[in-house]
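Structure record follows, encoded as structure tokens.
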Amino acid sequence: MDVLINTISLRPDSDDETVVTSLCVMTDISKQVHAQDIVFRQAHYDIVTDLPNRFFFSTRFRSLLDTALRVESSVSVIFIDLDRFKWVNDTFGHSVGDALLAEAGTRIKDAVDMKSLVCRFGGDEFIVAVHKSREEVLKSKVAENILRTLADPFRILQHEIHLSASIGIASFPSDGETPDELIGAADTAMYHAKDRGGDACEYYEGDMHERMEKQLHLDSVLRTGIQEERFSLVFQPIVDLNNKSSELFEVLLRFEHPDFPNISPTEFIPLVETTGLIRSIGQFVIRNALLHLHALDNQGDKRYSLTINLSPRQLQDDTFVPFLKNQLQYFKISPKRIILEITENSLMENNVRSEKILEQIRVVGCQIAIDDFGTGFSSLSYLRRFAVDILKIDQAFIQRVPADEADSNLIRGIINMSRELGIAVIAEGVEKKTQYDFLLESGCDMAQGFYFSRPVKPEDIYNNIINF
Numbered sequence: 096m097d098v099l100i101n102t103i104s105l106r107p108d109s110d111d112e113t114v115v116t117s118l119c120v121m122t123d124i125s126k127q128v129h130a131q132d133i134v135f136r137q138a139h140y141d142i143v144t145d146l147p148n149r150f151f152f153s154t155r156f157r158s159l160l161d162t163a164l165r166v167e168s169s170v171s172v173i174f175i176d177l178d179r180f181k182w183v184n185d186t187f188g189h190s191v192g193d194a195l196l197a198e199a200g201t202r203i204k205d206a207v208d209m210k211s212l213v214c215r216f217g218g219d220e221f222i223v224a225v226h227k228s229r230e231e232v233l234k235s236k237v238a239e240n241i242l243r244t245l246a247d248p249f250r251i252l253q254h255e256i257h258l259s260a261s262i263g264i265a266s267f268p269s270d271g272e273t274p275d276e277l278i279g280a281a282d283t284a285m286y287h288a289k290d291r292g293g294d295a296c297e298y299y300e301g302d303m304h305e306r307m308e309k310q311l312h313l314d315s316v317l318r319t320g321i322q323e324e325r326f327s328l329v330f331q332p333i334v335d336l337n338n339k340s341s342e343l344f345e346v347l348l349r350f351e352h353p354d355f356p357n358i359s360p361t362e363f364i365p366l367v368e369t370t371g372l373i374r375s376i377g378q379f380v381i382r383n384a385l386l387h388l389h390a391l392d393n394q395g396d397k398r399y400s401l402t403i404n405l406s407p408r409q410l411q412d413d414t415f416v417p418f419l420k421n422q423l424q425y426f427k428i429s430p431k432r433i434i435l436e437i438t439e440n441s442l443m444e445n446n447v448r449s450e451k452i453l454e455q456i457r458v459v460g461c462q463i464a465i466d467d468f469g470t471g472f473s474s475l476s477y478l479r480r481f482a483v484d485i486l487k488i489d490q491a492f493i494q495r496v497p498a499d500e501a502d503s504n505l506i507r508g509i510i511n512m513s514r515e516l517g518i519a520v521i522a523e524g525v526e527k528k529t530q531y532d533f534l535l536e537s538g539c540d541m542a543q544g545f546y547f548s549r550p551v552k553p554e555d556i557y558n559n560i561i562n563f
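Per my numbering, the very first residue in the sequence shown carries number 96; after that it's consecutive.
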């Protein structure tokens, strides 16, 4: 019980100041104190995670900086953004999303020093202030601890959800002297971590603002790229090693803009995934790839097939398969002539959802290939579970054969294993005759690379001017 005590002294109405009596009044103010506590928590704490909120952080962080300035110590701010959290809300609903935020906040708090200030900054963002310099943060592996604890599967309301985060770190006084400067610097560093594909940490560097402006400009020109016809497709032949002919082509996306000459898809695809542009760009690729295949069919040549790359985001998009099916019907293309390539790691991001989309692709009738095989973490059980038709061995392994014995043995093992499972094998990045000879001798089915042909324009396929 909270008690307010008021003491009143009563004196006689005379020059004699002797106290005649005292009156003590005790008042129960528990309700008022409780009400004040509620008001304080509503103003300073987040209702979902029960962590301090942005307002509380701003007030306390300013005090921390004043203390650090006075005693000449360091403070670092760690900005954390959960990757693809919007997808969780869209897929499972906000109740699951809120429960996930609460659990993520608890894990972050447990992963840092007890003296650290951990807050929910808003949306899917958290922020941590620690009494450490950049070097001390790096040495103590705070960011690595946060990423590791968030990587463990979340089990929320009977759902298993895999989560990652992008982290940016800035330190006082080297990266800024005010709360706004430091939070802004950490936020900028976080976006650079996200541009790397997420599940990463970046420390603020002075040129990051310039790089961020470049990214914003790239995002702007990408958004108008389809309307301005800056996207195009090229086709790289995939060669049958037994007869050195090709009836299969990989569809590759190109983007041309004077401000970004020779930009690779590996540079802009991660950006369009984070901004949501991947759906419209992915639809552009499907539509135009099938359009070119339809044009070949109209010439009376229906022997060609295509492989088309899918991004991890597309593998989580419920609209993808209906769109694919619609386009196949519109252009009168047999689904058996289309192979959809996915990376190993995209299978790991959400097994249940990936399996659902892949099963729908199976029902449509398209084949499935695992791209860059050997660089991820898939196992034999995944190959069987997802009924894979083709494995594409990553070019990093091909580059070192036959000189590197370990890589040579690995490739032979993949080829032999695939043969036993009834899975075809394509070797990527073949550039030398010695590599071709090794693959042919090892029993590899198909290969692609500059040794055979660079990517070609659609008209080169039409005119049949590709020479191997």
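Glycine included, C-beta positions come from ideal geometry on N, C-alpha and C. As the structure is a prediction and not an experimental result, all values here were calculated from the model.
Open item on the list: Does the structure place the segment 518-532 close enough to the segment 478-495 that three or more beta carbon pairs sit under 8 Å?
Closed with: Output reads yes: the segment 518-532 touches the segment 478-495.
Open item on the list: Please give me, in chain order, every unbroken run of the beta strand (DSSP E) with length at least 3 that falls completely inside the segment 422-492.
Closed with: 433-438, 462-468, 485-488
Open item on the list: Report the CB separation of residue 206 from residue 241 in whole angstroms; it is logged as a contact under 8 Å.
Closed with: By 1-based counting over the sequence shown, the position of residue 206 is 111. By 1-based counting over the sequence shown, the position of residue 241 is 146. Going by Cβ atoms, the distance from residue 206 to residue 241 rounds to 5 Å, so yes, they are a contact pair.
Open item on the list: Under DSSP, the beta strand (DSSP E) around residue 334 begins and ends at which residues?
Closed with: Walking along the sequence shown from the start, residue 334 turns up at place 239. Counting along the chain, the beta strand (DSSP E) containing residue 334 begins and ends at 326-335.
Open item on the list: So, under 8 Å CB-CB, residue 304 and residue 283 are touching, yes? Tell me the CB distance rounded to an integer number of Å.
Closed with: Here residue 304 corresponds to residue number 209 of the sequence shown, with the count starting at 1. Here residue 283 corresponds to residue number 188 of the sequence shown, with the count starting at 1. Right, the Cβ-Cβ distance comes to about 6 Å (below 8 Å), so this counts as a contact.
Open item on the list: Taking the alpha helix (DSSP H) that residue 143 belongs to, which residues open and close that run?
Closed with: The count along the sequence shown starts at 1 and reaches residue 143 at position 48. Residue 143 -> no alpha helix (DSSP H), and no H or E assigned at all.
- [ ] Could you spell out where the alpha helix (DSSP H) holding residue 318 opens and where it closes?
- [x] In the sequence shown, counting from the first residue as 1, residue 318 sits at position 223. Element bounds for residue 318: 303-318.
TODO: Please state if the CB of residue 497 and the CB of residue 460 are separated by a distance shorter than 8 Å.
DONE: By 1-based counting over the sequence shown, the position of residue 460 is 365. By 1-based counting over the sequence shown, the position of residue 497 is 402. Going by C-beta atoms, residue 460 is not nearer than 8 Å to residue 497.
Open item on the list: Tell me which residues share the same chain as residue 419 and place their Cβ nearer than 7 Å to its Cβ, disregarding the 5 neighbours each side in the sequence.
Closed with: Working through the sequence shown from its first residue, we reach residue 419 at position 324. Excluding sequence neighbours, residue 419 sits near 381, 459.
Task: Run of the alpha helix (DSSP H) containing residue 73, from where it starts to where it stops - done: Coverage of the chain is limited to positions 96 through 563, which leaves residue 73 absent and any answer about it impossible.
Task: Host beta strand (DSSP E) of residue 176 (start-end) - done: As a working mapping, residue 176 is identified with position 81 in the sequence shown. Unbroken beta strand (DSSP E) run through residue 176: 170-177.
Open item on the list: Can you look up residue 284 in the DSSP assignment and give me helix, strand or coil?
Closed with: As a first step, residue 284 is located in the sequence shown; it is residue number 189 there, counting from the start. Residue 284 falls in the helix class under three-state DSSP.
Task: Boundaries (first-last residue) of the beta strand (DSSP E) holding residue 297 - done: Numbered from 1 along the sequence shown, position 202 holds the residue referred to as residue 297. First-last of the beta strand (DSSP E) with residue 297: 295-298.
Open item on the list: Taking the straight line between their C-alpha atoms, what separation do you get for residue 463 and residue 482?
Closed with: Position 368 of the sequence shown, counted from the first residue, corresponds to residue 463. Position 387 of the sequence shown, counted from the first residue, corresponds to residue 482. For residue 463 and residue 482, the distance between alpha carbons rounds to 8 Å.
Task: Residue burial classification, residue 413 (beta-carbon count within 10 angstroms, cutoff 16) - done: Taking the sequence shown and counting its residues from 1, the one referred to as residue 413 is at position 318. Residue 413 is classed as exposed because its beta carbon has fewer than 16 other beta carbons within 10 Å across all chains shown.
Open item on the list: Would residue 264 and residue 173 be called neighbours here (beta carbons separated by less than 8 Å)?
Closed with: On the sequence shown, residue 264 is found 169 positions in, with the first residue counted as 1. On the sequence shown, residue 173 is found 78 positions in, with the first residue counted as 1. Contact: yes.
Task: residue 350 vs residue 363 beta-carbon contact at 8 Å - done: Translated into positions along the sequence shown, residue 350 becomes position 255. Translated into positions along the sequence shown, residue 363 becomes position 268. A contact, by the Cβ cut-off of 8 Å.
Task: In DSSP terms, what residue 220 is bridged to - done: Here residue 220 refers to the residue found at position 125 of the sequence shown. Beta-bridge partners of residue 220 (DSSP): 176, 217.
Task: Proximity below 8 Å, CB of residue 353 to CB of residue 344 - done: The residue given as residue 353 occupies position 258 in the sequence shown. The residue given as residue 344 occupies position 249 in the sequence shown. No, these two residues do not count as a Cβ contact at 8 Å.
Open item on the list: For a test of your reading of the model: does the CB of residue 318 fall under 7 Å from any non-hydrogen atom of the ligand PLP? Yes or no.
Closed with: This structure lacks the ligand PLP, and indeed carries no ligand of any kind.
TODO: Could you tell me which residues DSSP pairs with residue 212 in its beta bridges?
DONE: On the sequence shown, residue 212 is found 117 positions in, with the first residue counted as 1. DSSP lists 224 as the bridge partner or partners of residue 212.
Open item on the list: For residue 167 and residue 220, I'd like the C-alpha separation in whole angstroms.
Closed with: As a working mapping, residue 167 is identified with position 72 in the sequence shown. As a working mapping, residue 220 is identified with position 125 in the sequence shown. Between residue 167 and residue 220, the C-alpha separation is close to 29 Å.
Open item on the list: Using 8 Å as the cut-off, can you tell me whether the segment 150-169 makes contact with the segment 371-385, which would need three or more C-beta pairs spanning the two stretches below that distance?
Closed with: no
TODO: Report back the beta-carbon spacing between residue 289 and residue 176 to the nearest angstrom; my notes put them in contact at under 8 Å.
DONE: Taking the first residue of the sequence shown as position 1, residue 289 is located at position 194. Taking the first residue of the sequence shown as position 1, residue 176 is located at position 81. 7 Å between Cβ atoms; contact.
TODO: Give the range of the beta strand (DSSP E) segment to which residue 348 is assigned.
DONE: On the sequence shown, residue 348 is found 253 positions in, with the first residue counted as 1. Counting along the chain, the beta strand (DSSP E) containing residue 348 begins and ends at 340-350.
Task: Burial state of residue 447, where buried means 16 or more other Cβ atoms lie within 10 Å - done: Locating residue 447 in the sequence shown gives position 352, where the first residue counts as 1. By the neighbour-count rule (16 or more Cβ atoms within 10 Å), residue 447 is not buried but exposed.
Task: Assigned exposure category for residue 308 - 16 Cβ within 10 Å defines buried - done: As a position in the sequence shown, residue 308 is number 213, starting the count at 1. By the neighbour-count rule (16 or more Cβ atoms within 10 Å), residue 308 is not buried but exposed.
Open item on the list: Can you tell me whether residue 518 is helix, strand or coil according to DSSP?
Closed with: Within the sequence shown, the letter at position 423 stands for residue 518. Reduced to three states, the DSSP call for residue 518 is coil.
Task: residue 547, enclosing beta strand (DSSP E) - first and last residue - done: The sequence position of residue 547 within the sequence shown is 452, counting from 1. Segment: none, residue 547 is in no beta strand (DSSP E) and carries neither H nor E.
Task: Simplified DSSP assignment, three categories, for residue 198 - done: Reading the sequence shown from its first residue, position 103 is the one you call residue 198. Of the three classes helix, strand and coil, the one that applies to residue 198 here is helix, per DSSP.
TODO: Pick helix, strand or coil for residue 395, following the three-state DSSP scheme.
DONE: Stepping through the sequence shown from its first residue, residue 395 is reached at position 300. DSSP places residue 395 in coil when its eight states are reduced to three.
TODO: Output the distance between the C-alpha atoms of residue 402 and residue 194, rounded to the nearest integer angstrom.
DONE: Walking along the sequence shown from the start, residue 402 turns up at place 307. Walking along the sequence shown from the start, residue 194 turns up at place 99. Between residue 402 and residue 194, the C-alpha separation is close to 40 Å.
Task: Nearest candidate by alpha-carbon position, reference residue 165, set 340, 267, 536, 544 - done: The residue you call residue 165 lines up with position 70 of the sequence shown. Out of 340, 267, 536, 544, 267 has the C-alpha closest to the C-alpha of residue 165.
TODO: Kindly indicate which three-state DSSP category residue 615 falls into: helix, strand or coil?
DONE: Since the first and last residues shown for the chain are 96 and 563, residue 615 lies out of range.
Open item on the list: Suppose you measure from the CA of residue 271 to the CA of residue 298; what does that come to, to the nearest Å?
Closed with: For the purposes of this step, residue 271 is taken as the residue at position 176 of the sequence shown. For the purposes of this step, residue 298 is taken as the residue at position 203 of the sequence shown. In a straight line, the C-alpha of residue 271 is about 13 Å away from that of residue 298.
Task: DSSP state of residue 498 mapped onto helix, strand, coil - done: Position 403 of the sequence shown, counted from the start, is the residue given in the question as residue 498. Residue 498 falls in the coil class under three-state DSSP.
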